[in-house]
Amino acid sequence: MRRKVLALAIIALGSIFLMLYFSTIESFTPVLRNLYIEQAQSRTGVMNVVTAVYLDYRVFDTLLEALLLLTSVVAIFQFIQLEVFEQNIQEWVSVDSVDYSQSEIQRYLVSIIYPLFVILGVYVIANGADSPGGGFQGGAILAAIIMSRYLIVPTEKYDYQIPYLLEKIFYLLILITLSLFITGNLNFISSRTYILVANTLIGAKVAFGLTAIFLRFIYFEEENRRG
Numbered sequence: 001m002r003r004k005v006l007a008l009a010i011i012a013l014g015s016i017f018l019m020l021y022f023s024t025i026e027s028f029t030p031v032l033r034n035l036y037i038e039q040a041q042s043r044t045g046v047m048n049v050v051t052a053v054y055l056d057y058r059v060f061d062t063l064l065e066a067l068l069l070l071t072s073v074v075a076i077f078q079f080i081q082l083e084v085f086e087q088n089i090q091e092w093v094s095v096d097s098v099d100y101s102q103s104e105i106q107r108y109l110v111s112i113i114y115p116l117f118v119i120l121g122v123y124v125i126a127n128g129a130d131s132p133g134g135g136f137q138g139g140a141i142l143a144a145i146i147m148s149r150y151l152i153v154p155t156e157k158y159d160y161q162i163p164y165l166l167e168k169i170f171y172l173l174i175l176i177t178l179s180l181f182i183t184g185n186l187n188f189i190s191s192r193t194y195i196l197v198a199n200t201l202i203g204a205k206v207a208f209g210l211t212a213i214f215l216r217f218i219y220f221e222e223e224n225r226r227g
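Be aware that the sequence shown starts at 1, since it is given in the UniProt record's numbering, and climbs by one per residue.
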């Protein structure tokens, strides 16, 4: 009964919020929208308005978004604590437990597209200033490298602590870089150079963060299977 009441209350509050939102949306003036569209390129030197917004106009949001992913990774690592498994971090599923006969075609296809993940991820990051993409999208693509590698060689040993540590390091570098930009201490470089550096750092951080999550869940699953 309590769950039904709670669900109805959430629906009612959501409905009220939507009614208020749509009743006032027409009164908003599109000043910021027009500013972004008309002046983003001249002010930041990039063609991609989205990149100009999240690395220039709303750089604080970008810092918090990157922090959100880092917080999620830390939370996952804290919730999944297996003392026995921590003592055998380099152990992995044995070859006998993997049925290669059912995955030969899959492994072959993934081995072909494996290098494409690298090329596409780097391209999306490097060209995020002028085309759709950027650090977040490119980092997610690069994270697929380890995932596809696991599909090809599931017996290969991985240490999930390495990407976990690297993600923290790259977030610190992002924090330093964006802080220097906010305080005006990066005026000696062009906006395009700053955006390329920021996108690269964000891409690396996202890639290491998603890789750490993936490997942590894989180890957790394998340890439960053994236990």
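A virtual CB, placed ideally from N, CA and C, is assigned to each residue, including glycine.
Bear in mind that the values here come from a model prediction, so they are computed numbers and not experimental data.
Range covered by the alpha helix (DSSP H) that runs through residue 311
This structure gives no information on residue 311, because the portion of the chain shown stretches from 1 to 227.
Using the rule of at least 16 other Cβ atoms within 10 Å of the residue's Cβ for burial, across every protein chain shown, is SER40 buried or exposed?
The sequence shown places Ala at residue 40, not Ser. So ALA40 counts as buried.
Roughly how many angstroms separate the alpha carbons of MET19 and PHE117, rounded to a whole number?
44 Å
According to DSSP, is ASP61 helix, strand or coil?
helix
Excluding five sequence neighbours on each side, which residues of the same chain lie with their C-beta closer than 8 Å to the C-beta of ALA12?
none
Give the secondary structure of VAL46 by DSSP, where H, G and I count as helix, E and B as strand, and everything else as coil.
coil
In the structure shown, what three-state DSSP assignment does PHE136 receive?
helix
Beta-carbon spacing of PHE208, PHE170 below 9 Å:
yes
Do GLY138 and GLY128 have their CB atoms nearer than 9 Å?
yes
Less than 7 Å between C-beta atoms, sequence neighbours within five positions excluded: which residues of the same chain meet that for THR177?
VAL197, ALA198 and LEU201
Could you tell me if LEU210 is buried or exposed, where buried requires 16 or more neighbouring beta carbons within 10 angstroms of its beta carbon?
buried
Please report the distance separating the alpha-carbon of GLY184 from that of THR193.
14 Å
Return helix, strand or coil for ILE80, following the three-state DSSP convention.
coil
Let me check understanding here. Comparing Cα to Cα, which of LEU186, MET147 and ILE152 lies closest to TYR160?
MET147
Leaving out the 5 sequence neighbours to the left and right, which residues in its chain are closer than 7 Å to ALA212 when beta-carbon positions are compared?
VAL73, TYR160, PRO163, TYR164 and GLU167
Which of helix, strand or coil does DSSP assign to GLY203?
helix
If you draw a straight line from the C-alpha of ALA7 to the C-alpha of TYR21, how long is it?
21 Å
Which term fits ALA9, buried or exposed, when burial requires 16 or more other beta carbons within 10 angstroms of its beta carbon?
exposed
VAL49 and TYR36 look like a contact to me (Cβ under 8 Å); what is the Cβ gap, rounded to whole Å?
6 Å
Based on Cα-Cα distance, which residue from ARG43, ALA126, ILE113 and GLU104 lies nearest to residue 251?
The first residue shown for the chain is 1 and the last is 227, placing residue 251 beyond what the model contains.
In whole angstroms, what separates the C-alpha of ARG107 from that of ILE152?
5 Å
Based on Cα-Cα distance, which residue from ILE145, ASP130 and ILE113 lies nearest to ILE195?
ASP130
What does the Cβ neighbour count give for ALA143, buried or exposed, with the cut at 16 atoms within 10 Å?
buried
Around the Cβ of VAL206, are there at least 16 other Cβ atoms within 10 angstroms (buried) or fewer (exposed)?
buried
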